[in-house]
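Everything below concerns the one structure shown next.
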Amino acid sequence: MFLPIAGVFAEKGVQDVAVMLQLRQLDSLMAESKEASPDQISAMLQKHALEMVNTGVAPTYTSDERLDEMKGFMNSLVDELKSDIEADQQKIKANKDNVVEQYEVTIRGNKGVRKVKRTKQSEHNTCRTGEDKALKEEAAECNKVEAHWTGQKQPKPCPAKDIKVLIGSMMWKEDWGSDLDGLVGTCKAKQTEARKYTGFKRPNNKKDIDCHKKQQAFEAAWCSFKSEHQAGCELIEKWDEDYKEALLSFKKHSHMIQSAKKVNCFIDVIKSGGNGGQLDGAQVEGCVKLEYNTAEVANKITVSYADSDSISLEWPSPGETCNTEITTMQSGSDSWKTKVEYSTLNEQIKKRLTPTRTCPGDSVIVDDRL
């Protein structure tokens with residue numbers, strides 16, 4: 111990954127052996143850059159350069175070839191740091207794209223879970239509305255049978271002891287319709303009509319509506335809708351965490367790049383002094399005072415260096431917010447029933463609802479019947 115640093119200094123004349131040992135450890139700087147503080151890294155790299163100029167003259171034991179090798183090493187370090195920043199940039203962009211895909215396609219798309227949920231809910235509500243109408247008509251017509259029964263003198267002998275037995279079973283025997291002037295026949299027809307919403311198969315074997323199955327389909331669609339919102343929240347969180355980590359890494363890398371540029375500045379000063387020649391104090395001071403500018407606007411940070419080089423990092427927002435109302439709502443709870451319009455169904459329909467299933471992970475315990 112980096113040029114070998116051993117051999118940059120000649121065997122003789124090195125006053126600070128610890129410096130060369132530190133130089134040999136530069137290969138690990140990239141791995142350590144996210145743990146070490148920027149100031150520590152900057153100070154260490156600058157120290158290496160200052161050790162070469164602290165005598166005021168270019169060291170005779172370091173050849174231009176070795177200095178060029180050191181400079182090449184610094185350039186490689188800068189390239190690696192920039193590559194690391196670009197990798198973070200691509201990760202942020204990919205995370206942002208994943209969030210957008212999740213919400214615009216998976217959740218809100220033409221075939222998204224929101225549309226499926228709305229369709230299944232509408233189908234279920236339509237079925238229950240029809241069932242409600244049929245139940246009301248059944249009650250109205252069968253009440254006429256009861257009114258006829260209670261308003262007239264009962265014939266003797268009568269096989270039914272009370273009206274419930276009559277309407278529940280006896281009226282399905284032969285001739286009961288004619289005996290009660292057609293009232294029983296109408297009541298039976300309305301009972302059959304109401305039963306079809308439970309999937310009951312009539313004698314003509316006509317395919318009937320099954321509100322129970324539509325309820326199951328809607329609840330499954332709602333759970334998928336909730337699950338995808340939970341996934342969306344996790345993607346938003348990942349985008350947020352990765353961009354914050356990338357921004358912290360970027361700021362550390364900017365220090366390291368500046369430090370590497372300082373090292374190269376010192377090397378140029380040493381080379382300009384010639385082998386063992388006098389160094390230019392103003393040039394040395396210029397290297398020490400090298401600075402860079404940082405500007406942060408509109409989700410973008412840019413660092414500009416004295417040599418006109420620059421680096422930047424952007425974190426475009428996916429423009430989505432975690433919908434905690436959906437992700438925290440427990441299926442089967444009172445608030446959930448209100449949300450999905452179960453609470454508006456009349457009591458007769460509620461008694462015929464199949465048990466409400468909770469979504470995976472929900473802890474709400476519901477009764478067998480709503």
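Numbering (the working numbering), first residue to last: 111 to 480. Every residue, glycine too, gets a C-beta built ideally from N, C-alpha and C.
### Query
What's the C-alpha gap between F335 and T404?
The straight-line gap separating the alpha-carbon atoms of F335 and T404 is approximately 43 Å.
### Task
Indicate whether I217 and E303 have their beta-carbon atoms separated by less than 7 Å.
Contact flag unset, no.
### Query
What do you get for T466, buried or exposed, if any count of 16 or more other CB atoms within 10 angstroms of its CB means buried?
Counting Cβ neighbours within 10 Å, T466 comes out buried, since at least 16 surround it.
### Query
Among L345, V394, S186 and E451, which has the Cα closest to the Cα of E211?
Nearest option by C-alpha distance: L345.
### Query
In chain order, what residues of the same chain lie with their CB nearer than 7 Å to the CB of N433, ignoring the 5 residues before and after it?
If we look at N433 and ignore the five residues flanking it on each side, its Cβ neighbours are H339.
### Query
What three-state label does DSSP hand N403 in the structure shown?
Here N403 sits in strand by DSSP.
### Message
Check for me: the beta strand (DSSP E) holding I421 runs from which residue to which?
### Response
Residues S420 to E424.
### Message
Once DSSP output is grouped into helix, strand and coil, what is the label at T437?
### Response
Note: T437 maps to helix in three-state DSSP.
### Residue(s) in a DSSP beta bridge with K192
BP columns for K192 are empty, so no partner.
### Task
With a cut-off of 8 Å on the beta carbons, I'd call K227 and A331 a contact; round off their distance for me.
The pair is a contact, with the Cβ atoms about 4 Å apart (cut-off 8 Å).
#### Entry: Counted within 10 angstroms of its Cβ, other Cβ atoms place S418 as buried (16 or more) or exposed
Exposure of S418 is indicated by the presence of fewer than 16 other C-beta atoms within 10 angstroms of its C-beta.
### Message
Less than 7 Å between C-beta atoms, sequence neighbours within five positions excluded: which residues of the same chain meet that for S414?
### Response
If we look at S414 and ignore the five residues flanking it on each side, its Cβ neighbours are Y402, N403 and S420.
### Task
Closer than 8 Å by C-beta to A244: which residues in its own chain qualify, once you throw out the five before and the five after it? Chain order, please.
So the qualifying residues of the chain are K300, E303, A304, K306 and Y307.
### Unbroken beta strand (DSSP E) run spanning K306, endpoints
Run containing K306: none; DSSP gives neither H nor E here.
### Query
Exposed or buried, what is G471 when buried is set at 16 or more other beta-carbons lying within 10 Å of its beta-carbon?
Per the 10 Å Cβ criterion, exposed.
### Query
Going by Cα to Cα distance, which pick from K362, V294 and K323 is closest to I411?
Shortest Cα-Cα distance from I411 to any of K362, V294 and K323 involves K362.
### Message
As a quick exercise: from M184, K381 and S443, pick the residue whose alpha carbon is nearest that of A370.
### Response
Comparing C-alpha distances from A370 to each of M184, K381 and S443 shows the shortest one belongs to M184.
### Message
I need the straight-line Cα distance from I367 to G342, nearest angstrom please.
### Response
Answer to the nearest angstrom: the Cα atoms are 36 Å apart.
### Same chain, Cβ closer than 6 Å to K447, five either side skipped, listed in chain order
These residues qualify, in order along the chain: S453.
### Task
Using 10 angstroms around the beta-carbon of L131, count the other beta-carbons present and answer buried if the total reaches 16, otherwise exposed.
At L131, the pLDDT of 40 sits below 50, so the modelled position is not reliable; the number obtained from the coordinates is stated separately. By the neighbour-count definition (other C-beta atoms within 10 Å, threshold 16), L131 is an exposed residue.
### Collapsed DSSP secondary structure at K410 in the structure displayed
Strand at K410.
### Task
Consider the C-beta atom of W332 and the heavy atoms of the ligand COA; say whether any pair is separated by less than 6 Å.
This structure lacks the ligand COA; in fact it carries no ligand of any kind.
### Task
List in chain order: all unbroken beta strand (DSSP E) runs of 3+ residues lying wholly within the stretch 329-408.
Taking 3 residues as the minimum length, the beta strand (DSSP E) runs contained wholly in the stretch 329-408 are 402-407, in order along the chain.
### Task
Classify D320 as helix, strand or coil using the three-state DSSP reduction.
If DSSP states are grouped into helix, strand and coil, D320 belongs with the strands.
### Query
Which residues bound the alpha helix (DSSP H) around I459?
DSSP places I459 in the uninterrupted alpha helix (DSSP H) bounded by E457 to R462.
### When A408, V407 and I377 are compared against V394, the one with the closest alpha-carbon
Checking every option, the nearest Cα to that of V394 belongs to I377.
### Task
Measure from the alpha carbon of E457 to the alpha carbon of each residue in E241, C375 and E424, then state which is nearest.
Checking every option, the nearest Cα to that of E457 belongs to E241.
#### Entry: Beta-carbon separation (whole angstroms), D198 vs A416, contact threshold 8 Å
Contact between D198 and A416 does not hold, since the beta-carbon distance rounds to 24 Å and is not under 8 Å.
### Query
Is it buried or exposed for G442, if we count other Cβ within 10 angstroms and need 16 for buried?
Buried, since its Cβ has 16 or more Cβ neighbours within 10 Å.
### Task
Just grab the DSSP bridge partners of Y415 for me.
Secondary-structure assignment with DSSP links Y415 through a beta bridge to Y402.
### Run of the alpha helix (DSSP H) containing K447, from where it starts to where it stops
Annotation for K447: the continuous alpha helix (DSSP H) segment containing it runs D444 to K449.
### Query
Taking Cβ positions, are N208 and D352 nearer each other than 7 Å?
Against a cut-off of 7 Å, the Cβ pair of D352 and N208 comes out as no contact.
### Message
Whole angstroms are fine: how far does the CA of N374 sit from the CA of K399?
### Response
Counting only the Cα atoms, N374 lies some 14 Å from K399.
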